[in-house]
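The structure appears right after this line, and notes come after that.
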Amino acid sequence: MIRHIIAAIATLLALWAAYFLYTIDATSQKMKQIEGVIAKSRVKVHLNNNSITPIKKKSETNLQEERKKADEEVQKKLKALRERAGSAMAFKVSPLYKQKCSSCHGVNGKGIVGPKLIGKSEEYVYRALTDFKSGKRKNYVMYGLLTKMSDEDLKALSKEISTFEAKMKEAAAQ
Ligand code: HEC
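Numbering (our numbering), first residue to last: 76 to 249.
Next up, the structure:
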């Protein structure tokens, strides 16, 4: 009789243990499913929502914005200064310089939006131009402009700009 009772209790215990294990397993399965759903929804957020997309992209758009702002600033200054600067030309410059550079550096290199170029050596100017063009020296305006110009043009301009100082003095002496 006692044996029967013990056997029954043991069976019940075994059943209970089995059930317990089963519920734990089921719970962990559910947790896994939930985790899976969460993981999927994360991916979706990444794909669909630009505001959560990688930091890289953000800084790219920041750069573009900065660039746009800088360009607008230059354009504004240019407009104001063009009106004021007039065309007080002391000596003649090449059509290339006049067309591409004078709006910012002045008809004779005195500088407006861009810095003064008078008195700079051929080597210095050429170095500056090639550095802007290669991106070693960072300036969006000069970079954008120079990407479309040949090395010959840069050399010719460097040479010409290096003569500005002497030409200026000559013009002043007259
Ligand atoms: C839209 C305006 C703009 C135009 C057009 C422009 N520049 Fe510039 N340039 C600048 C600005 C702004 C700087 C200053 C950039 C810096 O120092 O980072 C600069 C810098 C320079 C410098 C370096 C000066 C220094 O002191 O180091 C040289 C050389 C130069 N430009 C030559 C030229 C030549 C040659 C052209 C024509 C092909 C030209 N630029 C056209 C705006 C302009």
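Glycine residues also receive a C-beta, built at the ideal position from the N, C-alpha and C atoms.
- When the five nearest sequence neighbours on each side are left out, the beta carbons in the same chain lying within less than 7 Å of the beta carbon of Ala145 are those of Tyr215, in order along the chain.
- Note that the region 167-178 touches the region 229-243; at least 3 beta-carbon pairs, one per stretch, sit closer than 8 Å.
- Contact between Ser177 and Leu153 is absent: CB atoms are separated by about 11 Å, not below the 8 Å threshold.
- Pro170 has its Cβ no nearer than 7 Å to any heavy atom of the ligand HEC.
- Per DSSP, Ala231 is one residue of the alpha helix (DSSP H) stretching across Asp226 to Ser237.
- Check the Cα spacing between Gly219 and each of Ala231, Asp206 and Glu227: the tightest is with Asp206.
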